[in-house]
Amino acid sequence: MRFAAIADIHGNAAALKAVLADIAAQGIATSDIVNLGDCLSGPLEAGGTADILVPLGLLTVRGNHDRYLIEHAAGDMHEWEADAFGQLSPQHLDWLRTLPFDAVFRDVAYLCHARPQDDGTYWLDQVTPEGNVVLRDRQEIEAWAEGIEQPLILCGHTHLPRAARLADGRLIVNPGSVGCPAYDDDTPVYHKVEAGSPLASYAILEETPVGWSVSFRLVPYDHMTQSQLAGRNRRPTWAAGLATGRLD
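Okay, here's the thing in structure tokens:
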């Protein structure tokens with residue numbers, strides 16, 4: 000079996016188109032793509048992204064930012080959702096409402112956005128009191144995987160490509176972000192998450208006789224056009240991250 004995992008598109012339609020084209024070039028069908036959520040929020044092209052995603056019918060789980068778009072009142076939304084909301088049709092929002100918290104793909108992969116039972120906590124990474132993003136302790140990673148029977152566990156949320164093998168041989172994979180390579184956050188303390196490159200990220204998972212292989216693919220696209228769009232929309236942090244994959 001061979002399939003692709005995407006995550007954290009965040010309204011970047013140009014990056015999504017490039018990733019979908021690259022997936023097709025690898026010989027992977029649309030029916031063999033899973034989407035780990037956070038599809039539309041951000042200052043880019045939320046409506047255009049939804050117009051691409053909804054007809055594809057990908058197995059998609061709900062991210063925390065997907066949830067915010069349908070749970071928060073329009074006047075109470077954070078800036079990422081406020082930027083996107085006005086571009087979305089009632090049909091787009093109805094699609095978000097259909098997304099499950101988690102799912103299983105073909106009995107081999109458990110899918111969630113962040114971690115089981117919580118769409119807002121980093122699974123493979125943690126933030127130190129000094130604001131550094133580092134690999135989470137093995138015991139916590141494994142504790143949150145209890146009860147999951149599938150050999151593959153897929154999550155997103157941190158926007159960083161990463162894989163962690165559990166003691167029992169299961170593999171947790173974060174494919175990185177299609178459309179937002181760098182951001183900052185103040186929870187639990189202020190920190191930056193930076194991929195270090197503006198390339199669009201996704202992963203290919205392939206079953207082999209000795210276990211699952213993971214190929215992280217970083218795809219070039221016209222990222223500066225998206226950076227300039229973020230700048231015109233008065234989101235300088237987004238503009239910096241899209242330009243370089245860094246915030247400085």
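In numbering that gives the first Met the number 0, the protein residues as written are 0 to 247. For glycine and all other residues, C-beta sits at the position ideal for the given N, C-alpha and C.
- Excluding the 5 residues flanking it on each side, residue 220 has same chain C-beta neighbours closer than 7 Å at 13, 14, 17 and 199, in chain order.
- Taking a 10 Å sphere around the C-beta of residue 135, we find 16 or more other C-beta atoms and assign the residue as buried.
- For residue 130, no beta strand (DSSP E) encloses it, and the DSSP letter there is neither H nor E.
- At the C-beta level, residue 86 and residue 45 come within 7 Å of one another.
- In this structure, DSSP gives residue 173 an extended state, which the three-state scheme calls strand.
- Burial check for residue 225: the Cβ neighbour count within 10 Å reaches 16 or more, so the residue is buried.
- Between residue 95 and residue 54, the alpha-carbon positions lie close to 13 Å from each other.
- Rounded to the nearest whole angstrom, the C-alpha separation of residue 173 and residue 155 is 5 Å.
- Taking 7 Å as the cut-off, the Cβ atoms of residue 182 and residue 5 do not count as close.
- Secondary structure note for residue 125: its beta strand (DSSP E) is the uninterrupted segment 124-126.
- Checking the DSSP bridge columns, you'll see residue 147 has no partner listed.
- Around residue 128, the same chain offers 188 as residues with beta carbons nearer than 7 Å, after the five sequence neighbours per side are excluded.
- By the 16-neighbour rule on beta-carbons within 10 angstroms, residue 214 is exposed.
- For residue 20, the uninterrupted alpha helix (DSSP H) run begins and ends at 12-24, by DSSP.
- When C-alpha distances from residue 195 are compared across 160, 244, 149 and 212, the shortest belongs to 244.
- Contact check for residue 8 against residue 38 passes: the beta carbons are separated by less than 7 Å.
- Residue 60 sits close to residue 102, with the two beta carbons spaced by under 7 Å.
- DSSP, read as helix, strand or coil, puts residue 167 in coil.
- Residues of the same chain with a CB within less than 8 Å of the CB of residue 139, apart from the 5 flanking positions on each side, are 125 in chain order.
- When secondary structure is reduced to three states using DSSP, residue 142 falls in the helix class.
- Taken through DSSP and simplified to helix, strand or coil, residue 226 comes out as helix.
- Membership of residue 100 in any beta strand (DSSP E) is not indicated, and neither H nor E is assigned to it by DSSP.
- Residue environment analysis places residue 131 among the exposed positions, since fewer than 16 neighbouring C-beta atoms fall within 10 angstroms of its C-beta.
- Per DSSP, reduced to three states, the secondary structure at residue 137 is helical.
- Rounded to whole angstroms, the gap between the alpha carbons of residue 91 and residue 193 is 29 Å.
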